[in-house]
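Residue numbers (UniProt numbering): 1 to 96.
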């Protein structure tokens, strides 16, 4: 009888940590799913060593651009970073 009781207690002790670990993982997964709306999608790029003539001086600019997408943006609305970089360069080239 004592051997059977000891076997049951050992079995319960061996099973308990595994069951607890699965519960924790499920809770973490649930919290990750609930926080999906907190995720942001973004990209960045550099325009390095951009020469700009301003106030009779040649200036060397290093520009970092960071773009954050709006939530739930459709695929067709994703901007092309090359067009954004070209617009920035055009603006600076034509700056008074």
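Don't be surprised by glycine CBs; every beta carbon is placed ideally from N, CA and C.
How would you write the range of the alpha helix (DSSP H) that residue 88 sits in, first residue to last?
It spans 81–93 - the alpha helix (DSSP H) in which residue 88 sits, taken as one unbroken run.
Could you tell me the alpha carbon to alpha carbon distance between residue 47 and residue 93, rounded to whole angstroms?
When rounded, the distance between both Cα atoms is 13 Å.
At the level of alpha carbons, what is the spacing between residue 86 and residue 72?
Near 26 Å, if we compare the C-alpha coordinates of residue 72 and residue 86.
Give the single residue among 44, 40, 95, 59 whose Cα lies nearest to the Cα of residue 67.
Nearest C-alpha to residue 67: 44.
Can you look up residue 41 in the DSSP assignment and give me helix, strand or coil?
Coil at residue 41, not helix or strand.
Looking only at C-alpha atoms, which of 65, 78, 56 sits nearest to residue 88?
Comparing Cα positions, the closest option is 65.
How close, in whole Å, do the beta carbons of residue 62 and residue 51 come, if the pair is a contact with beta carbons under 8 Å?
Contact doesn't hold; Cβ gap of about 11 Å is too wide.
Alpha carbon to alpha carbon, how far is residue 76 from residue 56?
Cα to Cα, the separation comes out at about 42 Å.
With DSSP as the reference, identify every bridge partner of residue 47, one or two as the case may be.
Note: residue 47 sits in a beta bridge opposite 63.
Can you name the residues that DSSP bridges to residue 53?
Bridge partners of residue 53: 58.
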